[in-house]
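Novice: The sequence shown begins at 152 in this note's numbering and counts up by one. Here it is: the structure, laid out below.
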Amino acid sequence: NVDLHSGIYGGTVQNPIHALVCLLDSMRSPAGDVLVEGFYDNVVPLSAEDRDQIAAIGHDEIEYKEQLGVDRLFGEPGYTALERAWVRPTLELNGIWGGFQGEGSKTVIPSEAHAKITCRLVPDQNPDKILEQLATHIDKYTPPGVKIENTPKAAPSPAYRIPDDHPGNQAAFAVLEEVYGKTPYFTRLGGTLPVCRLFLDKLDVYTVTFAFGLEDENAHAPDEFFRLSSFEGGQKAYCKLLHRLSEQDGL
């Protein structure tokens, strides 16, 4: 219940940070697969059409690595970087802390340790079921000598996808083609927009969106930014989209 002097109690009690690291390590294989039992049960395998659609976009992995400042990419084996980012579920550690974190040294055995975990899900995965599976895994793999508290924080949201041939999606396609003078690609996104799924579940309507942020604008970083030129382009595009939707059959 308090931090302990490691010179007095070291080797006699479990270290919560050691225990937490062991628990977290049990959730993923060295190759990158999620090891929580049942995690992939409802994941629909990628079809050849899906893979061709993603591959057609083109993705320079060398440039991608340079942009991120990494020597190599990593993730679930058998998939490209875009496939992993867009259509495969993930389990991520968003933060971990515990014990002494000030400058210098303080030889303590911490009394507690913490971690934040999120999962990006794909269609047909049930977030409540995933939470249950995580809780079961945590109970099963918590090392002896510590007490664990598992507290879900955010309201979970199922994955959302609008069909490519939906009239609203086709309207967005036509607008982007008009704005940029090029044929758009149908893409996916690992990020979450819970309101889209909420509207589908509660109102039985799909939500059409498109965005104009660029990949070098450091999303979620302290120096995230958005170009004014993109903002102005987005204004014009959304005006065109609303006008086109008002004339679109099937909505």
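We put the CB at the ideal spot given by N, CA and C, even for glycine.
Could you check the C-alpha separation between Asp367 and Glu263 for me, to the nearest Å?
Specialist: If you take the alpha carbons of Asp367 and Glu263, they lie about 38 Å apart.
Novice: What's the call for His394, buried or exposed, on a 16-neighbour Cβ count within 10 Å?
Specialist: exposed
Novice: Rounded to whole angstroms, what is the Cα-Cα separation between Leu197 and Ile205?
Specialist: 11 Å
Novice: Under three-state DSSP, which class holds Lys387?
Specialist: helix
Novice: Is the Cβ-Cβ distance between Leu285 and Pro278 less than 7 Å?
Specialist: Contact check for Leu285 against Pro278 fails: the beta carbons are separated by 7 Å or more.
Novice: Within 10 angstroms of its Cβ, does Phe382 collect 16 or more other Cβ (buried), or is it exposed?
Specialist: Exposed.
Novice: Where does Ala370 fall in DSSP's three states?
Specialist: coil
Novice: Pull up the DSSP beta-bridge partners for His156, would you.
Specialist: Val259
Novice: Taking Leu174 as the reference, which of Val297, Ser308, Ala310 has the closest Cα?
Specialist: Val297
Novice: Cα separation between Asp316 and Asn301?
Specialist: 42 Å
Novice: Can you name, in chain order, every residue of its own chain whose Cβ lies under 8 Å from the Cβ of Val359, other than the five neighbours on each side?
Specialist: Ile313, His317, Gly319, Asn320, Ala322, Ala323, Leu392, Leu396
Novice: Can you pull the DSSP bridge partners for Val185?
Specialist: Arg179
Novice: Quick check on the DSSP output: the alpha helix (DSSP H) that includes Arg202 runs from which residue to which?
Specialist: 199-206
Novice: From Phe377 to Phe190, what does the alpha carbon distance come to, in whole angstroms?
Specialist: 36 Å
Novice: Taking Pro261 as the reference, which of Leu171, Pro373, Asp400 has the closest Cα?
Specialist: Leu171
Novice: Any idea if Arg239 is buried or exposed, counting beta-carbon neighbours within 10 angstroms, 16 or more meaning buried?
Specialist: buried
Novice: Bridge partners for Thr241 per DSSP, in chain order?
Specialist: Arg271
Novice: Around the Cβ of Gln276, are there at least 16 other Cβ atoms within 10 angstroms (buried) or fewer (exposed)?
Specialist: With 16 or more Cβ atoms within 10 Å of its Cβ, Gln276 is classed as buried.
Novice: Output needed for Leu282: all residues of its chain with C-beta closer than 6 Å, excluding positions within five of it in sequence on either side, in chain order.
Specialist: If you ignore the 5 residues before and after Leu282, its C-beta comes within less than 6 Å of the C-beta of Pro303, all in its own chain and listed in chain order.
Novice: Whose C-alpha, out of Gly158, Asp154, Ile168, Met178, is nearest the C-alpha of Thr287?
Specialist: Per the Cα distances, Met178.
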